[in-house]
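Visitor:
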Amino acid sequence: MHGHPSHAIFLALPIHADERTRTLTKVATKRTNGEATTGYEAELWAMADALRGSMDAAEYKHVVLGLVFLKYISDAFEERHATVHAEWGEEAAEDRDEYIAENIFWVPAEARWERLKAEARQPTIGQIVDRAMAAIERDNPALKEVLPKDYARPALDKQRLGQLIDMVGNIRVGDAEARSTDVLGRVYEYFLSQFASAEGKRGGEFYTPRCVVRLLVEMLEPYRGRVYDPCCGSSGMFVQSVEFIRAHATGNANGGKARGDISIYGQESNYTTWRLAKMNLAIRGIGGQIAHGDSFHNDRHPDLKADFILANPPFNVSDWGGERLAEDKRWRYGLPPKGNANFAWVQHMVHHLAPRGIAGFVLANGSMSSSQSGEGEIRRNLIEAGLVDCMVALPGQLFYSTQIPACLWFLARGRDRRGEILFIDARKLGRMVDRTHRELTGEEIGRIAGTYHAWRIHENGYSDVPGFCKSAPLDEVRKHGRVLTPGRYVGVEPQEDDGEPFEEKMMRLTAELREQQAESARLDALIGQNLEALGFGLAANSEATELGGKRRSATTERP
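Note that the working numbering numbers the sequence shown so that position 491 is 647, with each residue one more than the last.
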């Protein structure tokens with residue numbers, strides 16, 4: 157694939173569109189250091205959101221992302237169609253095998269974007285889109301039961317749907333140039349993040365913030381082997397794993413060890429989220445076995461032993477059906493409490509680890525210290541089995557779905573440092589991206605991941621950093637009651653010495669305190685004078701309080 161140094165995408169909305177979206181926007185895609193950085197996702201989101209009207213974000217998500225996906229496969233199809241038609245003629249251009257051979261989805265005549273575009277303003281456009289989606293699923297088994305097919309429902313405003321089709325129709329997302337810079341992948345992920353933010357708590361069911369996923373991937377480095385996520389949401393972990401491999405494929409900084417030979421296995425219990433996951437992988441040409449079902453009660457990969465496990469399971473789930481799994485073989489380290497699935501997830505992942513496998517996953521902070529309902533005993537057994545490799549305390553406000561503080565667990569079989577656990581306290585890291593959300597920067601992710609890698613391979617570059625990281629022997633962990641909170645181990649960040657002698661500093665601070673006390677007294681007196689002038693002085697208030705007390709007393713004494 158190829159990419160020009162720069163190219164522009166023109167977005168033009170039709171004259172009949174909503175006033176807020178009636179605009180002509182020119183936005184550019186720039187290539188920097190071999191990686192495309194797009195500047196138009198926010199503009200696209202603003203346009204699409206303006207067409208949402210009163211529709212719930214959870215519903216609108218599937219309307220928009222379904223159309224973006226359809227546009228993607230249409231662009232790729234049309235580009236290949238033009239090439240085949242020019243070389244071999246019309247008959248060859250309508251041969252499905254010409255597309256399958258190039259890993260391009262076949263788009264039947266009734267589902268092609270030009271047909272949708274021509275019918276966009278018709279009242280039957282919902283049925284036309286539904287039939288197009290059904291036709292694509294029929295002719296592409298990999299997409300069976302994946303695409304949304306409820307555009308004809310009465311609740312969906314057909315005029316707005318037509319406007320949305322016009323908007324999406326003006327974006328090139330699936331041709332070779334757009335694919336080379338992963339235009340759709342970036343648009344798709346940006347839209348997922350915005351829908352997650354709009355849906356709040358529900359958003360966490362399908363989207364893990366990119367910086368958290370990237371941190372997990374950078375720490376685990378899944379270059380090759382079987383990669384598994386038992387609660388994969390919209391497949392963000394897999395997308396980032398593949399992006400990581402591609403980013404390191406030149407051999408820079410890794411001695412040429414990066415290869416694209418990973419196999420992907422996932423499972424998602426929410427049906428609509430599972431569809432998002434399948435589409436998210438398909439638009440990037442990533443193959444994988446993504447199953448629909450409950451990982452606890454219907455494990456679709458029962459015999460899998462994974463080399464890498466990455467996951468962000470839902471926090472503190474109480475209704476996970478644990479009472480029906482009391483004798484399950486996965487609970488080697490203790491029976492998980494029926495009212496909290498955290499350690500059921502932990503043991504499910506340990507069960508699926510290969511002999512030299514490693515798992516990294518997100519859990520609520522309570523998992524590091526809780527001793528309720530046998531959780532402390534399970535944590536003790538995991539530690540004593542030598543499985544706990546590293547614990548990372550994350551900053552707050554990273555997640556759309558919860559304000560519960562979170563942490564990262566890293567468990568590994570066949571560890572080289574069985575007698576130690578690395579603790580990293582990253583709570584002070586990150587930057588606010590809006591009023592309620594924080595994200596880790598690339599530099600911070602690199603610092604955390606670099607610390608972990610240096611420690612794992614006994615590199616001379618590793619050393620404990622007070623307030624940030626500590627390699628603690630198991631005896632120290634035992635002294636702390638096997639609580640795994642990094643703050644207990646890393647200590648306090650040293651304060652810089654400002655060079656001012658202690659006695660001089662205390663004299664200066666004491667003088668400042670006296671000045672502030674004097675100023676406070678002056679202001680109190682001034683406020684009192686102003687209240688007195690208004691008839692609300694302290695004396696008046698005292699009389700009013702006494703009178704009120706007498707009235708309450710008289711009321712109480714009434715028979």
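Just so you know, even glycine gets a beta-carbon here, dropped at the ideal spot from N, CA and C.
Would you grab the beta carbon distance between Asn436 and Ser397 for me? Rounded to a whole angstrom, and I think it's under 8 Å.
Guide: So it is not a contact: roughly 13 Å between Cβ atoms.
Visitor: Suppose you measure from the CA of Thr194 to the CA of Ala467; what does that come to, to the nearest Å?
Guide: Note that Thr194 scores a pLDDT of 39, beneath 50, so its modelled location is shaky and nothing firm can be said.
Visitor: What alpha helix (DSSP H) runs, 4 residues minimum, are completely inside the region 367-442?
Guide: Segments of the alpha helix (DSSP H) lying fully in the region 367-442: 392-403 and 427-438.
Visitor: Is it buried or exposed for Gly441, if we count other Cβ within 10 angstroms and need 16 for buried?
Guide: The residue is exposed, with fewer than 16 neighbouring Cβ atoms inside 10 Å.
Visitor: According to DSSP, Ile284 sits in a beta bridge with which residue or residues?
Guide: In DSSP, Ile284 forms no bridge with anything.
Visitor: Ala594 bridges to which residues according to DSSP?
Guide: Sequence inspection shows Arg at residue 594; the Ala mentioned does not correspond to that position. DSSP, once it has assigned bridges, lists Met588 as partnering Arg594.
Visitor: Hey, quick one: how far does the alpha helix (DSSP H) through Lys635 stretch, first residue to last?
Guide: Leu630 to Lys635 is the extent of the alpha helix (DSSP H) around Lys635.
Visitor: Within 10 angstroms of its Cβ, does Ile256 collect 16 or more other Cβ (buried), or is it exposed?
Guide: Classification for Ile256: exposed.
Visitor: Taking the C-alpha atoms as reference points, what is the distance between Arg603 and Ala549?
Guide: Taking the straight line joining both Cα atoms gives about 14 Å.
Visitor: Bridge partners for Lys626 per DSSP, in chain order?
Guide: DSSP output for Lys626 lists Phe579 as bridge partner(s).
Visitor: Judging by CA-CA distance, which residue of Gly522, Gly530 and Gln503 is the nearest neighbour of Leu543?
Guide: The shortest Cα separation from Leu543 among Gly522, Gly530 and Gln503 belongs to Gln503.
Visitor: Ala681: buried (16+ other C-beta within 10 angstroms of its C-beta) or exposed?
Guide: That one is exposed.
Visitor: Just the Cα atoms here: how many angstroms apart are Glu533 and Ile539?
Guide: When rounded, the distance between both Cα atoms is 10 Å.
Visitor: Within 10 angstroms of the Cβ of Thr429, are there 16 or more other Cβ atoms? Answer buried if so, exposed if not.
Guide: So Thr429 ends up on the buried side.
Visitor: Under a Cβ-count criterion, where at least 16 other Cβ atoms within 10 Å of its own Cβ denotes burial, should Val648 be classed as buried or exposed?
Guide: Exposed.
Visitor: Just list the alpha helix (DSSP H) runs in the region 243-279, keeping only unbroken ones of 4 residues or longer that don't cross its boundaries, in chain order.
Guide: 246-249, 253-256 and 269-275, all fully within the region 243-279.
Visitor: Pick helix, strand or coil for Leu690, following the three-state DSSP scheme.
Guide: DSSP places Leu690 in coil when its eight states are reduced to three.
Visitor: Using the three-state DSSP reduction, which class does Ala500 fall into: helix, strand or coil?
Guide: Of the three classes helix, strand and coil, the one that applies to Ala500 here is helix, per DSSP.
Visitor: Closest to Arg480 by CA distance: which of Leu491, Glu660 and Asp306 is it?
Guide: Of the candidates Leu491, Glu660 and Asp306, the one whose C-alpha sits nearest the C-alpha of Arg480 is Leu491.
Visitor: Taking the alpha-carbon of Arg488 as reference, which of Ser474, Leu630, Val646 and Met505 has the nearest alpha-carbon?
Guide: Nearest option by C-alpha distance: Met505.
Visitor: According to the neighbour-count rule (16 or more other Cβ atoms, all chains shown, within 10 Å of its Cβ), is Leu679 buried or exposed?
Guide: Its Cβ having fewer than 16 others within 10 Å, Leu679 is exposed.
Visitor: Just verifying my parser: in three-state terms, what is the DSSP assignment at Pro297?
Guide: Reduced to three states, the DSSP call for Pro297 is helix.
Visitor: Which residues bound the alpha helix (DSSP H) around Arg316?
Guide: Segment Lys314 to Gly325, the alpha helix (DSSP H) holding Arg316.
Visitor: The beta strand (DSSP E) spanning Leu466 covers which residue range?
Guide: Run containing Leu466: Ala462 to Ala467, per the beta strand (DSSP E) assignment.
Visitor: Can you give me the start and stop residues for the alpha helix (DSSP H) that Val646 sits inside?
Guide: Looking at the DSSP string, the run of the alpha helix (DSSP H) that includes Val646 is Gly643 to Val646.
Visitor: Please check the pair Lys227 and Trp262, which I expect to be a contact at CB under 8 Å, by giving their CB distance rounded to whole angstroms.
Guide: About 16 Å; that fails the 8 Å criterion.
Visitor: If I follow the unbroken alpha helix (DSSP H) through Gly532, where does it start and stop?
Guide: It spans Glu531 to Glu540 - the alpha helix (DSSP H) in which Gly532 sits, taken as one unbroken run.
Visitor: For Pro297, tell me which candidate among Glu399, Gly222, Ala206 and Lys434 has the shortest Cα-Cα distance.
Guide: With distances taken between Cα atoms, Pro297 lies closest to Lys434.
Visitor: Assuming Leu509 is part of the beta strand (DSSP E), what are its boundary residues?
Guide: Residues Leu509 to Ala520.
Visitor: Could you check what DSSP says for Trp201 in three-state terms: helix, strand or coil?
Guide: Three-state DSSP puts Trp201 in a helix.
Visitor: Between the alpha carbons of Gly643 and Gly623, how many angstroms are there, rounded?
Guide: Cα to Cα, Gly643 sits roughly 8 Å from Gly623.
Visitor: Which value, in whole angstroms, describes the spacing of the CA atoms of Arg594 and Arg587?
Guide: So the alpha carbons of these two residues sit roughly 5 Å apart.
Visitor: Going by the DSSP bridge assignment, what does Phe351 pair with across the sheet?
Guide: Answer is none; Phe351 lacks a bridge partner.
Visitor: Mapping DSSP to helix, strand and coil, what is Ala308?
Guide: The answer is coil: DSSP assigns Ala308 none of H, G, I, E or B.
Visitor: Measuring only the C-alpha atoms, how far is Tyr608 from Glu377?
Guide: Straight-line Cα distance between these residues: approximately 11 Å.
Visitor: Grab the span of the beta strand (DSSP E) containing Trp565 for me, first residue to last.
Guide: Where Trp565 is concerned, the enclosing beta strand (DSSP E) stretches over Ala562 to Ala568.
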